[in-house]
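There are 2 protein chains.
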Amino acid sequence: MRKFLTMVAAFAAMTASAQFGAPRVNPTVPSVVAEVEDFKPATTNQEGHQFPMVNSQRMVRAQISAPKATFVGLDIDGKIYEMTKDENGLWTGTSAPQDEGFHYYQLNIDGASVPDPGSRYYYGASRWGSGIDVPAADEAIYTVKNVPQGSISEVYYWSTVQQKMRHGYIYLPNEYYTNPTKKFPVLYLQHGMGENETGWSAQGKTGIIMDNLIAEGKAVPFIIFMDNGLDTRRPGDPSPEEVRRQFAGQRPPQGGGRPQGGRPGGFGNFFEAFQQILLTDIIPMVEKNYRVIADTEHRAMAGLSMGGMQTHGITLANPTTFAYVGMFSGGTFSVDELKEAADFKKTNKVLFMSAGSRETRMAEGDGSVMKAAENLKALGINAHGYVSPGTAHEWQTWRRSLHEFAQLIFK
Amino acid sequence: MRKFLTMVAAFAAMTASAQFGAPRVNPTVPSVVAEVEDFKPATTNQEGHQFPMVNSQRMVRAQISAPKATFVGLDIDGKIYEMTKDENGLWTGTSAPQDEGFHYYQLNIDGASVPDPGSRYYYGASRWGSGIDVPAADEAIYTVKNVPQGSISEVYYWSTVQQKMRHGYIYLPNEYYTNPTKKFPVLYLQHGMGENETGWSAQGKTGIIMDNLIAEGKAVPFIIFMDNGLDTRRPGDPSPEEVRRQFAGQRPPQGGGRPQGGRPGGFGNFFEAFQQILLTDIIPMVEKNYRVIADTEHRAMAGLSMGGMQTHGITLANPTTFAYVGMFSGGTFSVDELKEAADFKKTNKVLFMSAGSRETRMAEGDGSVMKAAENLKALGINAHGYVSPGTAHEWQTWRRSLHEFAQLIFK
Numbered sequence: 001m002r003k004f005l006t007m008v009a010a011f012a013a014m015t016a017s018a019q020f021g022a023p024r025v026n027p028t029v030p031s032v033v034a035e036v037e038d039f040k041p042a043t044t045n046q047e048g049h050q051f052p053m054v055n056s057q058r059m060v061r062a063q064i065s066a067p068k069a070t071f072v073g074l075d076i077d078g079k080i081y082e083m084t085k086d087e088n089g090l091w092t093g094t095s096a097p098q099d100e101g102f103h104y105y106q107l108n109i110d111g112a113s114v115p116d117p118g119s120r121y122y123y124g125a126s127r128w129g130s131g132i133d134v135p136a137a138d139e140a141i142y143t144v145k146n147v148p149q150g151s152i153s154e155v156y157y158w159s160t161v162q163q164k165m166r167h168g169y170i171y172l173p174n175e176y177y178t179n180p181t182k183k184f185p186v187l188y189l190q191h192g193m194g195e196n197e198t199g200w201s202a203q204g205k206t207g208i209i210m211d212n213l214i215a216e217g218k219a220v221p222f223i224i225f226m227d228n229g230l231d232t233r234r235p236g237d238p239s240p241e242e243v244r245r246q247f248a249g250q251r252p253p254q255g256g257g258r259p260q261g262g263r264p265g266g267f268g269n270f271f272e273a274f275q276q277i278l279l280t281d282i283i284p285m286v287e288k289n290y291r292v293i294a295d296t297e298h299r300a301m302a303g304l305s306m307g308g309m310q311t312h313g314i315t316l317a318n319p320t321t322f323a324y325v326g327m328f329s330g331g332t333f334s335v336d337e338l339k340e341a342a343d344f345k346k347t348n349k350v351l352f353m354s355a356g357s358r359e360t361r362m363a364e365g366d367g368s369v370m371k372a373a374e375n376l377k378a379l380g381i382n383a384h385g386y387v388s389p390g391t392a393h394e395w396q397t398w399r400r401s402l403h404e405f406a407q408l409i410f411k
Numbered sequence: 412m413r414k415f416l417t418m419v420a421a422f423a424a425m426t427a428s429a430q431f432g433a434p435r436v437n438p439t440v441p442s443v444v445a446e447v448e449d450f451k452p453a454t455t456n457q458e459g460h461q462f463p464m465v466n467s468q469r470m471v472r473a474q475i476s477a478p479k480a481t482f483v484g485l486d487i488d489g490k491i492y493e494m495t496k497d498e499n500g501l502w503t504g505t506s507a508p509q510d511e512g513f514h515y516y517q518l519n520i521d522g523a524s525v526p527d528p529g530s531r532y533y534y535g536a537s538r539w540g541s542g543i544d545v546p547a548a549d550e551a552i553y554t555v556k557n558v559p560q561g562s563i564s565e566v567y568y569w570s571t572v573q574q575k576m577r578h579g580y581i582y583l584p585n586e587y588y589t590n591p592t593k594k595f596p597v598l599y600l601q602h603g604m605g606e607n608e609t610g611w612s613a614q615g616k617t618g619i620i621m622d623n624l625i626a627e628g629k630a631v632p633f634i635i636f637m638d639n640g641l642d643t644r645r646p647g648d649p650s651p652e653e654v655r656r657q658f659a660g661q662r663p664p665q666g667g668g669r670p671q672g673g674r675p676g677g678f679g680n681f682f683e684a685f686q687q688i689l690l691t692d693i694i695p696m697v698e699k700n701y702r703v704i705a706d707t708e709h710r711a712m713a714g715l716s717m718g719g720m721q722t723h724g725i726t727l728a729n730p731t732t733f734a735y736v737g738m739f740s741g742g743t744f745s746v747d748e749l750k751e752a753a754d755f756k757k758t759n760k761v762l763f764m765s766a767g768s769r770e771t772r773m774a775e776g777d778g779s780v781m782k783a784a785e786n787l788k789a790l791g792i793n794a795h796g797y798v799s800p801g802t803a804h805e806w807q808t809w810r811r812s813l814h815e816f817a818q819l820i821f822k
C-alpha cells in the first residue's frame, strides 16, 4: 500500500503540466509565427466537415456558427485562443503550432465548455469530447493499409472482485482467424489518468499499428487486452463522493478546467483494486476464452502514464507473472527496486521505458528513461529506453512507444 | 434504376416527420403535464455526470454552465426547449415527455448547436452528437447480463468497387469462440439515413440483444455484419458537392436543422452502389474470412428505414441470394411486386416488416405492415408484421424489430 501511495504522489508531480492546468485565455495567436494558409480538414473530423483544420505549421483552426454569442474560444493544450466573429455569426480562430499527433480540445461558447460539432469524440481528460490529429512525419505507422487485418472487439465479462459486469477491448491478430489452432501471447495494455478502455484503440490506433507491424514482419502476432484501470471500485470501497471529500483540497486526478466526472475508488486504493481485478478476473477470463499461451513467457504488461505506473507496481508485486514490461511516460524502474529482485530479474525478458522528448524530467538527465535503462542493463536486465522526438505527455509519444515495444516482445 | 428513384421518393415522404424538421423554439414546457421530481441521470451519460436526467414521465432535463450566454435551449425531438439561468450561470431546462428508448438531441448556446458535454455521443441525424436513452418497460432485452458474450469487432477490408479500404462491424456469437469448427449463418444489417455503420451496435444494442436471445434459447447463434450504406461513392460517381447542386431545392437527405455533412453518392445512385459493394466486396469478404455457411438458406438481409428500403431493393433484384428479409420502418413489399416473383417466393423463408405504432402510415390501415403481411401470406409467403407499441421512427422501434426478427430466422 505504501508503494501505491508513493507512486500516486510521483504521478501527481509528473503530470503537473500545461495539459492538466486550468486553461489561460490567449487573446491573440502568438505573432512570432505567421500563419501559412494551407489549412486542410483534420483526419479526425466528422464526415464531410471542413473544420477544424490544420496547416503545415501544425496550427489548428476551428470554426463554429454562434450568431448570438459574445465570446467563442478554441481551448487546446491548456490555452484558450479567442476566436473572431464575421458578419454571419461565424466564429473562426487559430491556435499556436501543436505537437505532431493527437490532441484533446474543446470550444468555449460564452463560458460553456463544449465539444466542437466538427470533430469526432474521444475519451480523455476525464470526458468524451473533441480530439484532433495533427499530421506527423511517421503517421504511416498508424495509417490503415491493405494488409491482413486483425480485429478489436468489446468484451463483457463478470468481475468476481467487483460483483458486476465489466468490459474491455481485445485485439486479435489476423492469424487468430486464419490459423484456428494456433495459440498466442497476450499483452495487457493500460490507459492513463482521465482516460478509459477505449483510449488505446481509438486515439492509440493500436489495431492499425499492430496490423502494420505484423504485416511487415517486425512484430510477432500477439493478442492485446485493454481494460479500464480507474473503474475499480469494489463492494466496501469508498464512493466517489467519499473519495472526493477525503481528497478535498488536494489536486484532483482529473485536473482543472475539465468536466469533473465521478471517479470510483480513491487515490489510496484504485491501483491495488486494479491489480486484484487484473489477476483475478481479467487474465483468467482471457486465458479461458481465447487461444492463449497461458504462461509467464507469453504474458506482457504495459501502460501509459498512470497505466505505466500500474504496470510498475503490479509487475514488481507479481514478479513471476509477466516476462515483458513496458512503461510509457510512466516513470522508470530504479536500480534500488530491482537489484535484490531475484524473481523479477530471472523472469523479465524485456523492460521498456519511454517518454516524450518534451517530458524533460523523464527524457533528460539522471532521471531519464535512457539513463534508467543504462543503469538496469548493468544489473543484467534487458532494459530499453526510448525517447519520442518532439512530443510531450500525449498520444503521439504512446503510439510510438507501442510501435517500439511491440517489436521487442515475445521474440 | 427507376425502382431506386421511386423508393427514394417514397422514403422522402415517409420520413417527413418532426424528427427531420427544423426545430421550433418552445418557450415553455407544455403545461398540461406537471413535472414529477423523480429525475435520475440517464444511462447514456458520461461517467459521473448527473445531467441530462430523465423522470418517470420520460421528460428530459438538461443542465449546462454558460455564465455569459443569453440563450440556452434543449433541442430534442424537433423542438427547442428554452432553458433558464440561475445566479451562478447554470442553465437548466426540461422537455416534454419523450418516447421510450433512444433519442438524439443537442444544446443550443447563443445560436450554436453543440453536443451536451454530459452525454455520450452517437452517430445519427448526420452527425456525431448527444444521445439519451429513456427508460423502457422492455429494456431488459437490451441490458447486459452475465450470459455467454459474443463480440462486436471493427473490420477493415479492401473494396474493389470503391478502390479504397472500407470498414464495418461484425457480431460473432459466443459459440463462434467456444465451438471452433462450427459454421454460422449471417445477417447483413443496415442503418438508416443520416446514420452509419456504428448505429446498430451503439444505439441499436445489437450485441446485447443477440447475446440475451441466444442465452434464452430464443434465437439460434448467427453472425451479423453491419456496414455503411451511404459511404458508397465509386470512382466516377458525382462528388458530394455535385450531388448537392443536382438536388438543390429538393429536401436534403440530412434534414434541416442538423449539421450538413457531405454525402457521397447521390439520391440516384447510392442505393445501386451499395448493392454492388455488398455483393462484390462485403459478402465475399465475410464468407472468406469467417466461418460462415455460405449459401442462400443461411444468408439474411435487414435494415431500418433507408436500410430497409435498400434491403427491399437488393433482395428483389437478387431474389436467390437471401432467404430471410427484414424491413424495419422501411415500408412494405407489395403483392404486385411479389405475385410474379417466382424466384423470390421460392427462396424466401421469412419476410418481416415492422414499424412503430406512431408511424401511422406504416402502422395503421391499408398501407400498414400488418396488412401487407396478411396480403403476402395469401401469396404463400411466410410474411410477418410487427408494430412496436408507443414508438415512432426511432431506435426503440428498431431494437424491438431486431429482437423479433432474430427469433424468426435461420430456424
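Sequence order for the protein chains is A and B.
Numbering (the working numbering) for the first sequence: 1 to 411.
Numbering (the working numbering) for the second sequence: 412 to 822.
The C-beta atom is built at its ideal place from N, Cα and C for all residues, glycine as well.
query	result
Residues from the region 454-485 of chain B in contact with chain A, defined by Cβ distance under 8 Å	Gln457, Glu458, Gly459, His460, Ile475, Ser476, Ala477, Pro478, Lys479, Ala480, Thr481, Phe482, Val483
Bridge-paired residues (DSSP) for Met53 of chain A	A:Pro41, A:Arg61
Contact set between Asn289 of chain A and chain D, taken where Cβ atoms lie within less than 7 Å	You won't find chain D in this structure, because its protein chains are A and B.
Whole-angstrom distance between Ile475 of chain B and Arg166 of chain A, CA atom to CA atom	30 Å
CA-to-CA distance, Ile693 of chain B to Met604 of chain B, given in whole angstroms	20 Å
Simplified DSSP assignment, three categories, for Gln517 of chain B	strand
Residue nearest to Thr617 of chain B in terms of C-alpha spacing, selected from B:Leu813, B:Pro463, B:Met738	B:Leu813
Listed by chain order, chain B residues near Met165 of chain A by CB distance under 8 Å	Val555, Lys556, Asn557
Residues near Thr84 of chain A in its chain [Cβ-Cβ closer than 8 Å; skip 5 each side]	Trp91, Thr92, Gly93
DSSP three-state assignment for Pro284 of chain A, whether helix, strand or coil	helix
CB contact check: Arg127 of chain A to chain B, cutoff 9 Å	yes
Three-state class that DSSP yields for Ile620 of chain B in the structure shown	helix
Inter-residue Cα distance where the pair is Thr743 of chain B and Asn639 of chain B	22 Å
Separation of Ala480 of chain B from Phe352 of chain A, as counted between CA atoms	49 Å
Inter-residue spacing [alpha-carbon to alpha-carbon] between Ser745 of chain B and Phe595 of chain B	31 Å
Backbone CA spacing between Phe450 of chain B and Gln574 of chain B [nearest angstrom]	50 Å
Residue of B:Asp497, B:Glu785, B:Thr455 minimising C-alpha distance to Ile543 of chain B	B:Thr455
Extent of the continuous beta strand (DSSP E) run through Ala383 of chain A	383-388
Coil, strand or helix - Gln601 of chain B by DSSP	strand
Those runs of the alpha helix (DSSP H) which lie wholly inside the region 121-200 of chain A and span at least 4 residues	174-178
9 Å Cβ cutoff, Tyr532 of chain B in contact with chain A	yes
Element boundaries [alpha helix (DSSP H), containing Lys345 of chain A]	342-347
CA nearest to the CA of His312 of chain A, picked from A:His298, A:Gln190, A:Glu242	A:Gln190
Under 9 Å between C-beta atoms of Leu827 of chain B and Glu748 of chain B	Because residue 827 of chain B is not part of the residues shown, which for chain B are 412 to 822, the question remains open.
Contacts that Ser650 of chain B makes with chain A (C-beta to C-beta distance below 8 Å)	Ordered by position in chain A, no residue passes the 8 Å Cβ test against Ser650 of chain B, which lies about 11 Å from the chain.
Per-residue burial, Gln407 of chain A [other beta carbons within 10 Å of its own, 16 or more giving buried]	exposed
Cβ of Ile283 of chain A within 9 Å of any chain B Cβ	no
Interface residues of chain B facing Trp200 of chain A [CB-CB closer than 7 Å]	Under the 7 Å cutoff, chain B gives no residues; its nearest Cβ is about 14 Å from Trp200 of chain A.
Distance between Phe51 of chain A and Asp413 of chain A (C-alpha atoms, nearest Å)	Given that chain A is displayed from residue 1 to residue 411, the structure contains no residue 413 of chain A and the question cannot be resolved.
Chain-ordered neighbours of Gly89 of chain A on chain B, where CB pairs are closer than 7 Å	Gly522
Beta carbon proximity, Leu107 of chain A to chain B, threshold 9 Å	yes
Simplified DSSP assignment, three categories, for Ala427 of chain B	A caution first: Ala427 of chain B carries a pLDDT of 37, below 50, which makes its placement in the model unreliable, though a value can still be read off. Three-state DSSP puts Ala427 of chain B in coil, outside helix and strand.
Residues that DSSP places opposite Tyr324 of chain A in a beta bridge	A:Ala300, A:Val350
Under 9 Å between C-beta atoms of Asn196 of chain A and Tyr123 of chain A	yes
Chain B contact for Leu279 of chain A (CB, 9 Å cutoff)	no
Interfacial residues, the region 704-738 of chain B to chain A, with Cβ spacing under 7 Å	none
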